[in-house]
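**Q**
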Amino acid sequence: MTDFLSSDLFSWVVLPIIIILSRMVDVTLGTVRIILVSRGSRFVAPILGFFEVLIWIVVISQIMQNLNNPLCYIAYALGFALGTYFGIMVEEKLAIGFLVLRIFVPKENPGKESLMEKLIKAGFGVTAVEGRGSTKEVTLLFSLIRRKDLDEAVAIIEQADSKVFYSIESVKAAHAGIFPAKKAYRIPFVDQDDTRRRMFGGFRK
């Protein structure tokens, strides 16, 4: 075993691969940890931080022991890049949190009512406010949605009017709301106090 660890095969092939994989896991955990911290996690985020730093220390120690091996540096950088990519993918898959859809529909647009009705029929809560834009009167539709439901909501909007202007904004917290019933709501990995549990429990399906 000692001979293998000191061999060229380990130094130039196995070790760089280990560094790449370890750095990928490290950065992915870091990305998820940052997301959970922004969502109010007080339990899982510190645990992820522990393993993130532990992996980083192990990787750095191996690089320091092999300073004459340029592949270790390349592996470290490549692992960071891949970890960032996979971290973004994990964040998109988790789809934690809420978004606010703001849809600006010209008042004379005959599709205004149909768009609102389609969103409501799909289970989304919608609030309509009359307003005036820079050139014409508009009806502003507000809808608080779960991030995981964004594609469905956008598809409904595009189907009703592909030229309608809308914006999407992140929401840190929300109290009550109407959401599609086909997906049970739960924030993954988030430790919530009794007040927030009651708050999220108040969501109507």
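As numbered in this note's numbering, residues 11 to 215 make up the sequence shown, in order.
All C-beta atoms, glycine included, are put in the ideal place defined by N, C-alpha and C.
Keep in mind it's a predicted model, so treat the numbers as computed, not measured.
1) Among I28, E162, A184 and R142, which residue has its Cα nearest to the Cα of S3?
2) Is the Cβ-Cβ distance between L111 and I155 less than 8 Å?
3) Where do the ends of the beta strand (DSSP E) carrying S177 lie?
4) For R52, count neighbouring C-beta atoms within 10 Å of its own C-beta (all shown protein chains included) and say buried if the count is 16 or more, exposed if not.
5) Taking N79 and S21 to be in contact with their CB atoms under 8 Å, please state how far apart those CB atoms are, rounded to whole angstroms.
6) Candidates I178, D13 and C82: which alpha carbon is nearest V23's?
7) Taking C-beta to C-beta, are T94 and K117 nearer than 8 Å?
8) Distance, Cα to Cα, I30 vs F114?
9) Among the candidates I130, Y86 and D13, whose CA atom is the shortest distance from the CA of S32?
10) Cβ of S218 within 8 Å of Cβ of A163?
11) How many angstroms separate the CA atom of F213 from the CA atom of P190?
12) Which complete alpha helix (DSSP H) runs does the region 48 to 136 hold, if anything under 4 residues is left out?
13) Just how far apart, CA to CA, sit G141 and G135?
14) On the DSSP bridge list, what partners appear for T149?
15) Considering only the alpha carbon of each residue, which of L92, V47, M74 and E168 lies closest to V35?
**A** The structure says:
1) Missing from the structure shown is residue 3; the chain here goes from 11 to 215 and no further.
2) A contact, by the Cβ cut-off of 8 Å.
3) F175 to V181 is the extent of the beta strand (DSSP E) around S177.
4) Exposed, by the Cβ-count rule.
5) The pair is a contact, with the Cβ atoms about 6 Å apart (cut-off 8 Å).
6) Nearest option by C-alpha distance: C82.
7) It is not a contact, given that the beta carbons lie outside the stated cut-off.
8) When only Cα atoms are considered, I30 and F114 end up about 47 Å apart.
9) It is Y86.
10) The question about residue 218 has no answer, for the chain in this structure spans 11 to 215.
11) Its pLDDT being 44, under 50, F213 is placed unreliably by the model, and nothing is read from it.
12) DSSP runs (the alpha helix (DSSP H)) wholly in the region 48 to 136: 54 to 75, 80 to 104 and 121 to 131.
13) Rounded to the nearest angstrom, the two C-alpha atoms are 19 Å apart.
14) Note: T149 sits in a beta bridge opposite V115 and E140.
15) Per the Cα distances, L92.
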